[in-house]
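See below for the structure under consideration.
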Ligand code: PAF
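Residue numbers (my numbering): 33 to 316.
So this is what it looks like as structure tokens:
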């Protein structure tokens, strides 16, 4: 695997690959890689000739009081993991390479729909930071396909929307959520969960699954289900950020006759904010 820190050098190599007719797959990450990230690389490997991964902890998508500075930087072990899944090129720019004019002066990409609800409501500006950096990365790599995890369901929906709105000729692939044995969705932030909390955090997935079973069984009292779900999570000692039953397409609150439903939850542990979701399709 070749590692690049500069846009110019990466572009040169990828231009040659493109001229040779290679299909380029791209997996953007913020590093601290775990099995779920490696699955994204494996997914790109299956459909592309060349796989590019990026590691960049994007300051633009973190709020002032968020964990940008303590976000784990594990470059050496990330490289080893990427080599183990045959990643071809790794792009690892610094802040100056990505934002040479500073964050304040960076031109932004704004997606006006789906970005001020759920995670966007508690993290103002977050999705603007994501769409801006992803656009920049897409311009740098010019991939044929880019792979994102379904764990960040809202991010995936926003990126799909941005790609459509801006006529980007990139196929967006969604990779399934990777879970620990007790159901906890794999995340770079799981390292912030304390030993004492660890046996209890699976309550988020258990509650999402319970609500999903209730809906599949015909319960459509979504507002009561949401309240009960919050109570279950709170009973385990966690503060709920949101627990919403949504229409899978636009992330509006699900209506009685919606068939494609995604249940999304976010809760706070002592040191982390965990998110997860479950999607279901009801027979029409
Ligand atoms: O999902 C992430 O890790 C980040 O939001 C992304 C897509 C790499 C943009 O910084």
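We treat Cβ as the ideally placed atom computed from N, Cα and C, and that holds for glycine.
The way I'd put it, the region 162-178 does touch the region 133-150; three or more beta-carbon pairs between them come closer than 8 Å.
Within the same chain, Cβ atoms closer than 8 Å to the Cβ of residue 90 are found at 62, 130, 161, 162, 165, the five residues on either side in sequence being excluded.
Your pair residue 59 and residue 72 checks out as a contact, with CB atoms roughly 5 Å apart and the cut at 8 Å. Of the residues assessed, residue 246 falls on the buried side of the cut-off, its CB having 16 or more other CB atoms within 10 angstroms.
With 6 Å as the limit, the residues whose C-beta approaches any heavy atom of ligand 1 more closely are 60, 61, 62, 90, 93, 162, 165, 166, 184, 187, in sequence along the chain. Taken atom to atom, the span from the alpha-carbon of residue 268 to that of residue 306 is near 14 Å. The three-state secondary structure of residue 131, taken from DSSP, is coil. Each of 69, 75, 54, 68 was checked against the Cα of residue 81, and the nearest Cα belongs to 54. If you draw a straight line from the Cα of residue 93 to the Cα of residue 265, it is about 27 Å long. Straight-line measurement puts the Cα of residue 189 at about 18 Å from the Cα of residue 168. The DSSP-derived three-state label of residue 121 is strand. Looking at the DSSP output, residue 300 shares a beta bridge with 271, 305.
Under DSSP, residue 294 forms a beta bridge with 278, 311. Going by DSSP, residue 179 is part of the beta strand (DSSP E) stretching over 177-181. In terms of Cβ geometry, residue 179 and residue 75 form a close pair [threshold 8 Å].
Counting along the chain, the unbroken beta strand (DSSP E) around residue 56 starts and ends at 56-61. In this structure, the CA atom of residue 315 is about 7 Å from the CA atom of residue 291. Residue pairing for residue 36: DSSP places it in a beta bridge opposite 123. Shown here for residue 104: same chain residues with a beta carbon closer than 8 Å to its own, the five before and five after excluded, namely 63, 64, 220, 223 in chain order.
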